[in-house]
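In the working numbering, the protein residues as written are 476 to 924.
As structure tokens, then:
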């Protein structure tokens, strides 16, 4: 059945749908853009803002504010990754564009990494393949060719949405502290951090994916800029030449030679932070090291505050337990152990539990295990993999009652006069600070390629 792109456009940008989308998608995880408008300020004027969004989209007069620049370190001697943060108004608009694109390009919805890891695990153990090819697309988002992307989109989408997308990807990203900044129009690449960034990148390579997914001589996997191919030794050269030719000449991208790997399956390989070696599924060393450093930082932060205060100790325990088990918020799972829940290397989890004890001894901290119930990686893993729906061991912020939210804000965040606040304000503050903690958890599982 043919999709009516015009009807979908008008349905998605209808005022009623904008209100619904804002409440369900934007409000639960707000960000502050270049205009410094936060959720509270936006909420006061949301009705008129939403009406203006709908009107300006339909009349093709919508303009994006500059994106706010956020830099994320990629390690020593590397340029940081530039993240573009839209205003709340633009985030709502861009999120609706994403919904529109998903309706027209359902195949561009990236698979969940867990399902991909599971399939890779099965293939590596049971298939007749004897070789793997692994590629990384160099500076993928920054290298997407605008002309090619537009030529793909214009065959399928409404012209008003196309014009919005062109404005969005050409829009500038600026440092909010740079008073001498001069506006620059982007002519190449898709800004990272926007609601449409991943879906546009996925659409850009849909044809590439189709070429190799339909090739019965190989098993092909791609997750954003990481490509993994299972093949036979006799087909290896042919597939390799095809991949390199298509990426560079047809899709106008560049492969990263430093991250290219050709191996027999028996030699082992890593993908998306996981390591596969014979039947052992574990975590890549760098990903383990990243977690170990974040655990150590919790201990260091604690001893550099005032460890004599009971409240400081309670905060330390809470943050440590959160790092170990991860958490659930808005029915989404967050944390290192949730991401790596498909490993079968239980010895790694025992080592991490021992590491907690090692840090405690090194920093002369009594964990008071019986009284405070320090969580264990091994038990948290078992709860996640075998008992998640009934578990009380994993922190589930969705189940917090208003009194528990008050305790969280008072004891963990250190907020005063919480008892005097309205329930809606408590809910707002609770969500705000929970997502701050979640952002810390997400740092442990960023950048696997």
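All residues carry an ideal CB built from backbone N, CA and C; glycine is no exception.
Because the structure is a prediction, the values reported are computed rather than measured.
| What are the uninterrupted segments assigned as alpha helix (DSSP H) that are 4 or more residues long and contained completely in the region 511-568, given in chain order? | 514-519, 521-533
| said: Can you find the residues in the same chain that come closer than 8 Å, C-beta to C-beta, to residue 913, ignoring five residues on each side of it along the sequence? | reply: 802, 804, 809
| task | Can you tell me which of the three DSSP states residue 749 falls into? | result | strand
| Helix, strand or coil: which one does DSSP assign to residue 570? | helix
| task | Whole angstroms is fine: what's the gap from residue 603's alpha carbon to residue 704's? | result | 13 Å
| Pick from 840, 719, 744, 599: whose alpha carbon is nearest that of residue 732? | 719
| message | Between residue 509 and residue 649, how many whole angstroms is the CB-CB distance? I'm expecting something under 8 Å. | response | 7 Å
| query | Quick one, which of 734, 571, 752 has its alpha-carbon nearest residue 741's? | reply | 752
| CA-to-CA distance, residue 837 to residue 586, given in whole angstroms | 42 Å
| field | Where residue 629 falls: helix, strand or coil (DSSP) | value | coil
| request: Answer with buried or exposed for residue 564, where buried requires no fewer than 16 other C-beta atoms within 10 angstroms of its C-beta. | output: buried
| said: Tell me which residues share the same chain as residue 759 and place their Cβ nearer than 8 Å to its Cβ, disregarding the 5 neighbours each side in the sequence. | reply: 745, 748, 749, 750, 923
| message | Going by the DSSP bridge assignment, what does residue 802 pair with across the sheet? | response | 809, 870
| field | Euclidean distance between Cα positions of residue 581 and residue 671 | value | 14 Å
| task | Under 8 Å by Cβ, that's how I've got residue 666 and residue 559 pegged, so tell me the actual separation to the nearest angstrom. | result | 4 Å
| request: Return the CA-CA distance between residue 845 and residue 504, expressed in angstroms with no decimal places. | output: In this prediction, residue 845 scores a pLDDT of 44, lower than 50, which makes its location untrustworthy; the coordinate-derived value is nonetheless stated afterwards. Distance between the alpha carbons of residue 845 and residue 504 is about 36 Å.
| query | From residue 628 to residue 683, what distance separates their C-alpha atoms? | reply | 15 Å
| query | If residue 638 and residue 535 are in contact, beta carbons under 8 Å, what's the gap, nearest whole angstrom? | reply | 6 Å
| Excluding five sequence neighbours on each side, which residues of the same chain lie with their C-beta closer than 7 Å to the C-beta of residue 825? | 853
| request: Give the secondary structure of residue 737 by DSSP, where H, G and I count as helix, E and B as strand, and everything else as coil. | output: strand
| field | Within 8 Å, strictly: CB atoms of residue 714 and residue 693 | value | yes
| Are the CB atoms of residue 562 and residue 512 nearer to each other than 8 Å? | yes
| Pick from 828, 685, 616 that is closest to residue 728, judged by C-alpha positions | 616
| query | By Cβ distance, which residues of its chain are closer than 8 Å to residue 860, with the 5 residues on each side in sequence left out? | reply | 816
| message | On the DSSP letters alone, give me the boundaries of the alpha helix (DSSP H) that residue 616 sits inside. | response | 615-618
| task | Give the secondary structure of residue 850 by DSSP, where H, G and I count as helix, E and B as strand, and everything else as coil. | result | coil
| message | Here's a check: name, in chain order, each residue in its chain whose Cβ is nearer than 8 Å to the Cβ of residue 911, leaving out the five neighbours to either side. | response | none
| field | From 557, 624, 488, residue whose alpha carbon lies closest to that of residue 570 | value | 488
| field | Whole-angstrom C-beta distance between residue 676 and residue 619, which should lie under 8 Å | value | 7 Å
| Residue environment, residue 552, which counts as buried when at least 16 other CB atoms sit within 10 Å | exposed
| field | Distance between residue 830 and residue 680 (C-alpha atoms, nearest Å) | value | 42 Å
| With respect to the beta strand (DSSP E) encompassing residue 759, which residues constitute its N-terminal and C-terminal limits? | From DSSP, residue 759 is part of no beta strand (DSSP E); its letter is neither H nor E.
| query | Which whole-angstrom value is the C-beta distance of residue 806 and residue 873, which I expect to be below 8 Å? | reply | 7 Å
| request: Please state whether DSSP places residue 443 in a helix, a strand or coil. | output: Since the displayed the chain opens at 476 and closes at 924, residue 443 lies outside it and no answer follows.
| task | On a CA-only basis, which of 755, 772, 835, 730 is nearest residue 600? Give me that one, please. | result | 755
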